[in-house]
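Peer 1: Here's a structure for you.
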Amino acid sequence: MITHPKTEELAESVALWIEQIRPSLDPRNAFLARVAANAMATIRRELTDGPAAEARATTAMAGVLGHDGDFAALNAELCDRIRAGELTVETPGLLAALRVMAMDQLAIDQPSYKHEV
Amino acid sequence: MEVDVRQGLSQLAVRLGGEGAAVADAQRLSGGASMETWAFALTGPGGREDLILRRRSAPFDEETARSVSLRTEAALIQATAANGAKVPIVRHVCDDADGLGEAYVMRRVAGETLGKKIVSDPRFDAIRPALARQCGEALVPIHRTALPAGVSLKTADAAADLDRYEEVYRATGAQRPVLELAFQYLRKRIPEPVEPVLLHGDFRNGNIMFDPETGVAAVLDWELAHLGDPAEDMGWICTNSWRFGRPDRPVGGFGDYADLLAGYAAAGGKPIELSRVRFWQMLGSLRWGVMCLTMYLSWASGVEKSVERPMIGRRVSETEADLVVLLEQGL
Numbered sequence: 001m002i003t004h005p006k007t008e009e010l011a012e013s014v015a016l017w018i019e020q021i022r023p024s025l026d027p028r029n030a031f032l033a034r035v036a037a038n039a040m041a042t043i044r045r046e047l048t049d050g051p052a053a054e055a056r057a058t059t060a061m062a063g064v065l066g067h068d069g070d071f072a073a074l075n076a077e078l079c080d081r082i083r084a085g086e087l088t089v090e091t092p093g094l095l096a097a098l099r100v101m102a103m104d105q106l107a108i109d110q111p112s113y114k115h116e117v
Numbered sequence: 118m119e120v121d122v123r124q125g126l127s128q129l130a131v132r133l134g135g136e137g138a139a140v141a142d143a144q145r146l147s148g149g150a151s152m153e154t155w156a157f158a159l160t161g162p163g164g165r166e167d168l169i170l171r172r173r174s175a176p177f178d179e180e181t182a183r184s185v186s187l188r189t190e191a192a193l194i195q196a197t198a199a200n201g202a203k204v205p206i207v208r209h210v211c212d213d214a215d216g217l218g219e220a221y222v223m224r225r226v227a228g229e230t231l232g233k234k235i236v237s238d239p240r241f242d243a244i245r246p247a248l249a250r251q252c253g254e255a256l257v258p259i260h261r262t263a264l265p266a267g268v269s270l271k272t273a274d275a276a277a278d279l280d281r282y283e284e285v286y287r288a289t290g291a292q293r294p295v296l297e298l299a300f301q302y303l304r305k306r307i308p309e310p311v312e313p314v315l316l317h318g319d320f321r322n323g324n325i326m327f328d329p330e331t332g333v334a335a336v337l338d339w340e341l342a343h344l345g346d347p348a349e350d351m352g353w354i355c356t357n358s359w360r361f362g363r364p365d366r367p368v369g370g371f372g373d374y375a376d377l378l379a380g381y382a383a384a385g386g387k388p389i390e391l392s393r394v395r396f397w398q399m400l401g402s403l404r405w406g407v408m409c410l411t412m413y414l415s416w417a418s419g420v421e422k423s424v425e426r427p428m429i430g431r432r433v434s435e436t437e438a439d440l441v442v443l444l445e446q447g448l
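Heads up: the sequence lines are chains X and H, in that order. No gaps in the numbering here: position 31 of the first sequence is 31 in this note's numbering, and each next residue is one more. With positions in the second sequence counted from 1, the corresponding number in this note's numbering is that position plus 117.
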């Protein structure tokens with residue numbers, strides 16, 4: 001991929017521009033502009049942190065399911081087996097794997113969110 | 118049909134305030150995706166009156182909708198007010214002659230609704246420790262209100278809610294293992310049914326007007342009112358998505374479970390067990406997760422075009438993080 005600039009830097013530049021013009025907007029559009037800037041920040045985090053998060057999720061799911069596969073296939077199988085009642089909160093390693101996946105995704109979507117304690 | 122709200126308010130001014138009355142300072146307040154809220158003042162010979170217009174901005178079908186009509190909402194506010202609940206004063210329910218669509222007008226209540234401010238603004242430091250108890254007290258007259266004549270509401274229970282949310286979740290096509298596990302887990306732990314009562318249905322930090330001196334001033338936003346388990350209203354205000362960065366204070370980010378429950382019992386409410394509230398709290402996180410998915414879909418299908426919608430879709434992961442912790446703790 002081209003590095004001058006990197007894709008995540010393009011996203012960051014758009015987010016900065018939105019922040020620059022935000023004070024000149026009416027309240028409704030200022031609110032939506034903040035949402036838009038947050039969207040750009042999420043895109044930037046997904047570009048930089050997403051691949052490692054997906055790799056961790058794939059490893060975690062493979063551990064629970066007992067075989068390798070790609071993210072989408074493992075995720076689908078995990079959902080099916082939980083729905084079927086084959087995997088439950090009692091299943092060794094399931095909650096630990098789900099924790100890794102949920103916290104990584106939260107760090108991309110909303111790093112400032114303070115989850116349940 | 119596009120409605121010119123400012124024009125409509127000008128016509129309404131004469132109807133509400135008489136000859137010579139005018140509208141000043143009309144402004145749409147941010148927040149609310151299918152509902153518009155406008156602040157405005159009525160000025161005229163009688164002085165100034167600060168009012169709020171609440172109107173629906175998206176098409177509405179009462180048969181299929183989860184929310185109630187604004188006419189019903191106004192009727193419920195009036196009925197609970199008569200029963201001693203802290204709610205706004207309904208000033209006018211709009212009809213066709215007003216040209217504002219489905220809408221009503223209420224008196225503006227002073228105070229703060231922004232959840233973040235309630236949990237962190239120093240102005241609320243003194244009153245904050247009293248708020249959880251007050252929220253418990255505030256629910257009692259609501260839960261005791263009999264339905265006004267001509268109003269019928271849907272009845273919810275945990276099993277039916279789980280069915281409905283799961284159906285919606287399946288329809289989205291999303292595959293989220295944490296949500297799958299939460300559905301399975303909650304289904305096995307549904308509490309014994311109780312006699313349904315009137316519920317606010319969206320009782321959370323953000324929908325309550327708080328006064329920095331006196332605390333709970335008014336319970337707002339009644340569109341999700343229905344009949345059901347009183348613990349549902351308590352669980353929802355304890356759902357972490359409405360704690361605004363203070364997960365250590367389970368009631369709305371400002372208080373403790375014990376105070377909420379004690380306030381409810383002290384005001385004459387039938388005592389509710391914490392385990393029951395925790396069940397509904399967890400169901401609340403699941404409900405919000407599914408709602409976030411549907412808000413994304415309303416954008417993906419082209420019904421809504423605001424950038425707000427897909428970003429709310431990315432809030433599913435906050436509910437997954439909360440649900441994982443609740444699953445670890447166990448109910």
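C-beta atoms are modelled at their ideal positions from N, C-alpha and C, and glycine is treated no differently. A quick note: this is a predicted structure, and the numbers were derived from the prediction, not measured.
Taking 8 Å as the CB-CB limit, is H:Ser392 close to chain X?
Peer 2: no
Peer 1: Throw me the rounded Cβ distance for the H:Val285 and H:Val407 pair, which I believe falls under 8 Å.
Peer 2: 5 Å
Peer 1: Evaluate H:Leu410 with the Cβ neighbour count: other Cβ atoms within 10 Å of its Cβ, from every protein chain shown; 16 or more gives buried, anything less gives exposed.
Peer 2: buried
Peer 1: Please check if any C-beta of chain X sits within less than 8 Å of the C-beta of H:Ala141.
Peer 2: Cβ-Cβ to chain X under 8 Å: no for H:Ala141.
Peer 1: Using a Cβ-Cβ cut-off of 8 Å, state whether X:Arg99 counts as contacting chain H.
Peer 2: yes
Peer 1: Could you have a look at H:Arg172 and say whether DSSP puts it in helix, strand or coil?
Peer 2: In the structure shown, H:Arg172 sits in a strand (DSSP, three-state: E or B).
Peer 1: Per DSSP, H:Ile325 is paired with what?
Peer 2: H:Val336
Peer 1: Check whether the region 327-346 of chain H touches the region 180-198 of chain H, taking contact to mean three or more Cβ pairs, one atom from each stretch, closer than 8 Å.
Peer 2: yes
Peer 1: Is it the case that the region 386-404 of chain H contacts the region 66-80 of chain X, given that we only count it when at least three CB pairs across the two stretches are under 8 Å?
Peer 2: no
Peer 1: Which residues does DSSP list as the beta-bridge partners of H:Arg224?
Peer 2: H:Leu168
Peer 1: Does the beta carbon of X:Val89 sit closer than 8 Å to a beta carbon anywhere in chain H?
Peer 2: yes
Peer 1: H:Val226: buried (16+ other C-beta within 10 angstroms of its C-beta) or exposed?
Peer 2: With 16 or more Cβ atoms within 10 Å of its Cβ, H:Val226 is classed as buried.
Peer 1: Please classify X:Met119 as buried or exposed, where buried requires at least 16 other C-beta atoms within 10 Å of its C-beta.
Peer 2: The shown model of chain X, from 1 to 117, leaves out residue 119 of chain X, and the question about it has no answer.
Peer 1: Might you give, ordered along the chain, the residues of its own chain that have their beta carbon closer than 8 Å to the beta carbon of H:Thr331, omitting 5 neighbours on each side?
Peer 2: Ile244
Peer 1: Output yes if chain X places a C-beta closer than 8 Å to the C-beta of H:Ala438; else output no.
Peer 2: yes
Peer 1: For H:Pro205 and H:Ile194, I'd like the C-alpha separation in whole angstroms.
Peer 2: 7 Å
Peer 1: Inspect the beta-carbon positions of H:Ala379 and H:Gly253 and report whether they are closer than 8 Å.
Peer 2: yes
Peer 1: Who are the near neighbours of H:Phe320 in its chain, counting only those whose CB is closer than 6 Å to its CB and skipping five residues on each side?
Peer 2: Non-local beta-carbon contacts of H:Phe320 in its own chain, meaning distances under 6 Å to residues more than five positions away in sequence, involve Asp350, Trp353 and Ile354 in chain order.
Peer 1: Under the DSSP definition of a beta bridge, which residues are partnered with H:Gln144?
Peer 2: H:Ala156
Peer 1: Kindly identify the DSSP beta-bridge partner or partners of H:Gly161.
Peer 2: H:Gly164
Peer 1: Give the straight-line distance between the Cα atoms of H:Leu344 and X:Val14, rounded to the nearest whole angstrom.
Peer 2: About 47 Å.
Peer 1: Bridge partners of H:Ala139, per DSSP?
Peer 2: H:Thr160
Peer 1: Would you call the CB atoms of X:Ala98 and H:Leu298 closer than 8 Å?
Peer 2: Rather than Ala, the amino acid found at residue 98 of chain X in this sequence is Leu. Their beta carbons are under 8 Å apart, which means X:Leu98 touches H:Leu298 by this criterion.
Peer 1: Less than 8 Å separating the beta-carbons of X:Ala37 and X:Ile18?
Peer 2: yes
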